[in-house]
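Asker: Numbering (full-length UniProt numbering), first residue to last: 1 to 438. Quick reminder that beta carbons are idealized off the backbone N, C-alpha and C, glycines included. One structure is given below, represented as C-alpha cells, and several questions about it will come after.
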Ligand SMILES: NC(=O)C1=CN([C@@H]2O[C@H](COP(=O)(O)OP(=O)(O)OC[C@H]3O[C@@H](n4cnc5c(N)ncnc54)[C@H](O)[C@@H]3O)[C@@H](O)[C@H]2O)C=CC1
Ligand SMILES: CC(C)CCC[C@@H](C)[C@H]1CC[C@H]2[C@@H]3[C@H](O)CC4=CC(=O)CC[C@]4(C)[C@H]3CC[C@]12C
C-alpha cells in the first residue's frame, strides 16, 4: 500500500485527550529528575548529618564537611559531552536523558544540521547546554565542536530507505561524517566515542534470510546493496577499527557501537505517517505482511538510556567494552511490523483489516517495483517517496529479531521503561500530537 509522507488530518486520537505536548511532560519513571537531584545535593549536608551523627560534633566540623561536599560536587560535575544529531528523533531523547541521568555533566553540546527551538528550554538548567549548528560532513565544524569534549555520542545520520536522498549524499553523511568525528576525536584528544549504528548493519540481507532472536555472535550473512545499510555498516566498521588509536595526548581512543532495531516512541515520524495514512483510508489499514514475520522493535527511551549508560561505563571498563557492538533491546514484544504498530494505532482508533495479507506477495512486489519506477520517472519533476518500495517491503517481510543480554553482562543495562510504560508513552504522544494539530 503506497503511503505518502505528507498530509495531515485530525483523527479520533485527538478527541480523547487534551494534554500538553510530550516534550513538556518528558520524565523518567521511578527516578529523580536531574534538577531534583541537584536540589537534593544542596540539602545533602543536612540529610547526611542525620545519617552520620558523628560528623555533627561541632559547627566547625559541619563547615568543613560542607566545603568538602561542595568540592566533591564541583569535581563531580566536570564532564563535557557532545551529541551529534542531538535534534533528531533519537538524539533529542539522548540529550534529555543525559540531562536527567548523568550527574557528572558540566556541559552538553548539541550538534545538528537543524537546531530545534526546544533547545532553549534546556538552557535554564544547571548544565551548560551549547547548541551548535553544523554539518558532520564538514571536518572543521566537527573538530571545533569536539575540541574539549570528554565523550562524543555520534547519532547524526541520514536515515533514508525511501529514496529521498542520493546514495552519494547518504554515504557522505553516514560514512564521511563518521570519519570526521573519529578524526576530530583523535586530533583534539577526545577519548570516548559511542556510535549509533543499526540492526541494519547485520540485516535483513538481500537474500531475505531470517534472523530469529539472534544475538551479537549469531552467524549471519550480512550482504547489503542499499545505500543506507551499506553506509551504516561501513561507518560502524570505521568506528570499531578506531578503537585503540592514540588520541592527542597519547591516550587510547575507546569506541563502541550500539545497534538499535526499529526504534519507536515519541517523535517517530514513520508511525506518524502511517497513522495519517490510516485516517485517510477511513480509519483502516490493510494487512500486507503475514503476522508470523517478527520484526525487532525497541523503545526510544530505552535506546537513549543505553547510550547514556554505555557512554558512562565505557570510561570505567574500556578494556571490556572498547571495540564492542551491542544490540539495543528491551521488553517490547516480538510481533510483525504491522501488528506492533497496532499496539499504538489501535488505541487511536485505527483498525488493521485482515488476519492474512490482503494481497499476494508477488502483487506487493509488483506495486513496490512500480513505486520505484515512478520515483525514478518523476524525479526531475517532484520527489515521490512512498513507504512501499522493494527495499522496505523486504525489510518488513523478513524476520529480524534479537534476543541478547550482552549489554546487561558488559555494563549492567536494564531497560528503564517497561513495555507497558513504553506503550503508554507512545500512545499519549500520538494523542497529544493529534490534538495539538487540530
Ligand atoms: N529510527 C530508527 O529506527 C533507527 C535509527 N538508527 C540510527 O539512529 C540515528 C538517529 O536516527 P533517527 O533519530 O531515527 O533519525 P533522525 O533523522 O530523526 O535524526 C538524525 C539527526 O541527524 C541530523 N543530521 C543529518 N545529517 C546531518 C549532518 N550532515 N550534519 C549534522 N547533523 C545531521 C539530522 O538533522 C537529525 O536531527 C541514526 O544514526 C540512525 O542511523 C538506528 C537504528 C534504528
Ligand atoms: C506494508 C509496508 C511494506 C510496510 C512498510 C514498513 C517500512 C516502512 C518499515 C519496515 C521496517 C522498517 C525499518 C526497520 O525498522 C529497521 C530500520 C533501521 C534503521 O536503522 C532505520 C530505520 C529502519 C530502516 C526502518 C525504516 C522503516 C521500515 C523499512
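(1) Could you check the C-alpha separation between residue 386 and residue 162 for me, to the nearest Å?
(2) Considering residue 131, what are the terminal residues of the beta strand (DSSP E) in which it resides?
(3) Would the stretch 184-196 and the stretch 143-153 be scored as touching if the rule is three or more Cβ pairs under 8 Å?
(4) Along the chain, which unbroken stretches of the alpha helix (DSSP H) at least 4 residues long are found entirely within the stretch 346-424?
(5) If I follow the unbroken alpha helix (DSSP H) through residue 227, where does it start and stop?
(6) In the DSSP assignment, find the unbroken alpha helix (DSSP H) run with residue 122 in it and report its ends.
(7) Starting from the C-beta of residue 86, find all residues in its chain whose C-beta is less than 6 Å away, skip the five residues before and the five after it, and write them out in chain order.
(8) Taking three-plus beta-carbon pairs below 8 Å as touching, is the stretch 175-186 in contact with the stretch 230-239?
(9) From what residue to what residue does the beta strand (DSSP E) around residue 209 run?
(10) At what residues does the alpha helix (DSSP H) containing residue 182 begin and finish?
(11) Going by alpha carbons, who is nearest to residue 196 out of 337, 425, 252 and 300?
(12) Ignore the nearest five residues each way along the sequence and tell me which others in residue 304's own chain have a CB closer than 6 Å to its CB.
(13) Could you compute how far the alpha carbon of residue 120 sits from the alpha carbon of residue 90?
(14) Got a sec, what are the start and stop residues for the alpha helix (DSSP H) residue 167 sits in?
(15) Rounded to whole angstroms, what's the CA-CA distance from residue 240 to residue 358? Just pull it up for me.
(16) Could you check if residue 262 belongs to the surroundings of ligand 1, using beta carbon to heavy atom distance under 6 Å?
(17) Is it right to say residue 137 is buried, meaning 16 or more other beta carbons lie within 10 angstroms of its own, or is it exposed?
(18) Using alpha carbons as the reference points, say which of 306, 352, 257 and 278 lies closest to residue 290.
Answerer: Let me spell this out:
(1) 7 Å
(2) 128-133
(3) yes
(4) 361-378, 390-396 and 406-411
(5) 227-241
(6) 119-122
(7) 95, 110 and 112
(8) yes
(9) Run containing residue 209: none; DSSP gives neither H nor E here.
(10) 177-188
(11) 300
(12) 93, 94 and 97
(13) 18 Å
(14) 167-171
(15) 44 Å
(16) yes
(17) buried
(18) 352
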